[in-house]
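Trainee:
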Amino acid sequence: MIVLQDVHYSYRARKRWFRREETVTPVLHGVNLQIEAGEMFGLVGPNGSGKTTLTKLIIGVYPPDRGEVLYQNSRPNLSNGNWSEKIGLVSGAATRLFATVDLHEHIVLYKNLYRTFDSVWFERQLEEFQIQDKLHKRPTMISFGERTKFELALTLACCPEVLILDEPTVGLDPMAISLVRNAIKAYLKAKGGCGILTSHNLKDITEICERGGFLQQGIVSDFFTSQNVNSELLEDRFREVYGSG
């Protein structure tokens, strides 16, 4: 279970270092959120609303200015190797793969780093994604969609307990989007875990997440369940919350 209690966070930057002035940009203003075990929570919001900041607080990249972030009653700590093993992060906008290392070498690296790596599940997922014949290539030598699918399969094979999916289907064609959604749902059913999914493709949220909410004015509100909305209704609500323009 992930719990956020009255979480506040602001970005700080030196304006003029010699005068020691700094600018403070508040982002989160008292977020209260509970994500149950086995649940992916769909976080909705426009660019710049603080979605990525909130996910970084959950995995421990940033400490909150005020309030508390807990996973199973403990605070996230990236300096703790056991905690790092529990995190799975996939961002459609940025890759964590090494440009000079081929895909097979990535697999060897992850198997050595993650004791929980499920080779059988991974091999099956490569076949589902139809990229098992690409392992001799480097990430820069395969298509964007192939790279995204490989990175997702590699991440899920590590059996993370906390899963952060930031725009996992951005830039993908309809067939690839369907494959990615199915892989995520299959993982959650087979392995469990909990976390957050953000996407501007609102159908990702209604198909993968049972529950979600809107991040607006620094808090999460307007909670919904996917049983009660579809992507069209969610898009209408998005326009109401953030404005049509």
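In terms of UniProt numbering, the sequence shown opens at residue 1 and continues consecutively. For every residue, glycine included, the Cβ atom is placed at its ideal position computed from N, Cα and C.
To the nearest angstrom, how far is it from the Cα of K111 to the Cα of F117?
Mentor: Rounded to the nearest angstrom, the two C-alpha atoms are 6 angstroms apart.
Trainee: Only counting the same chain, and skipping five residues up and downstream in sequence, which positions put a Cβ closer than 6 angstroms to that of P26?
Mentor: S10, listed in sequence order.
Trainee: Does DSSP classify N228 as helix, strand or coil?
Mentor: Coil at N228, not helix or strand.
Trainee: In terms of residue numbering, what span does the beta strand (DSSP E) encompassing V44 cover?
Mentor: First-last of the beta strand (DSSP E) with V44: M40 to V44.
Trainee: Going by beta carbon distance, what residues of the same chain come within less than 7 angstroms of P63, once the five residues before and after it are set aside?
Mentor: Excluding positions up to five away in sequence, the list is empty.
Trainee: If we ignore side chains and look at the alpha-carbon of each, how far apart do G245 and L234 end up?
Mentor: The pLDDT assigned to G245 is 49, lower than 50, so where the model puts this residue is not dependable; a value taken from the coordinates is nonetheless given after this. Going by the C-alpha atoms only, they are around 16 angstroms apart.
Trainee: Let's see if you can read the secondary structure: which residues bound the alpha helix (DSSP H) around P174?
Mentor: That run of the alpha helix (DSSP H) goes P174 to K191.
Trainee: Leaving out five residues on either side along the sequence, give the residues of the same chain with a beta carbon under 7 angstroms from the beta carbon of Y187.
Mentor: The residues are L156.
Trainee: For the alpha helix (DSSP H) that T155 lies in, which residues bound it at each end?
Mentor: That run of the alpha helix (DSSP H) goes F144 to A157.
Trainee: For L172, which residues of its own chain have a beta-carbon under 7 angstroms away from its beta-carbon, when the five flanking residues on both sides are left out?
Mentor: Hits under 7 angstroms: G145, T148 and V180.
Trainee: Using DSSP's beta-bridge definition, name the partner residues of A94.
Mentor: BP columns for A94 point to S91.
Trainee: Label D236 either buried or exposed according to how many other C-beta atoms from any shown protein chain fall within 10 Å of its C-beta, with 16 as the threshold for buried.
Mentor: The residue is exposed, with fewer than 16 neighbouring Cβ atoms inside 10 Å.
Trainee: Apply the 10 Å Cβ neighbour rule to K86 and answer buried if 16 or more other Cβ atoms are within range, or exposed otherwise.
Mentor: Buried: at least 16 other Cβ atoms inside 10 Å.
Trainee: Does the segment 27–36 come into contact with the segment 207–219, if we say contact requires no fewer than three beta-carbon pairs (one atom in each stretch) closer than 8 angstroms?
Mentor: With a cut-off of 8 angstroms, the segment 207–219 and the segment 27–36 count as touching, because enough Cβ pairs lie within range.
Trainee: Can you tell me whether A190 is buried or exposed, with buried defined as 16 or more other CB within 10 angstroms of its CB?
Mentor: With fewer than 16 other Cβ atoms within 10 Å, it is exposed.
Trainee: From which residue to which residue does the alpha helix (DSSP H) around G81 run?
Mentor: Per DSSP, G81 belongs to the alpha helix (DSSP H) from G81 to E85.
Trainee: Quick one, which of I131, S49 and V229 has its alpha-carbon nearest L152's?
Mentor: Per the Cα distances, I131.
Trainee: For Q34, does the count of other Cβ atoms within 10 angstroms reach 16, so buried, or fall short, so exposed?
Mentor: Result: exposed.
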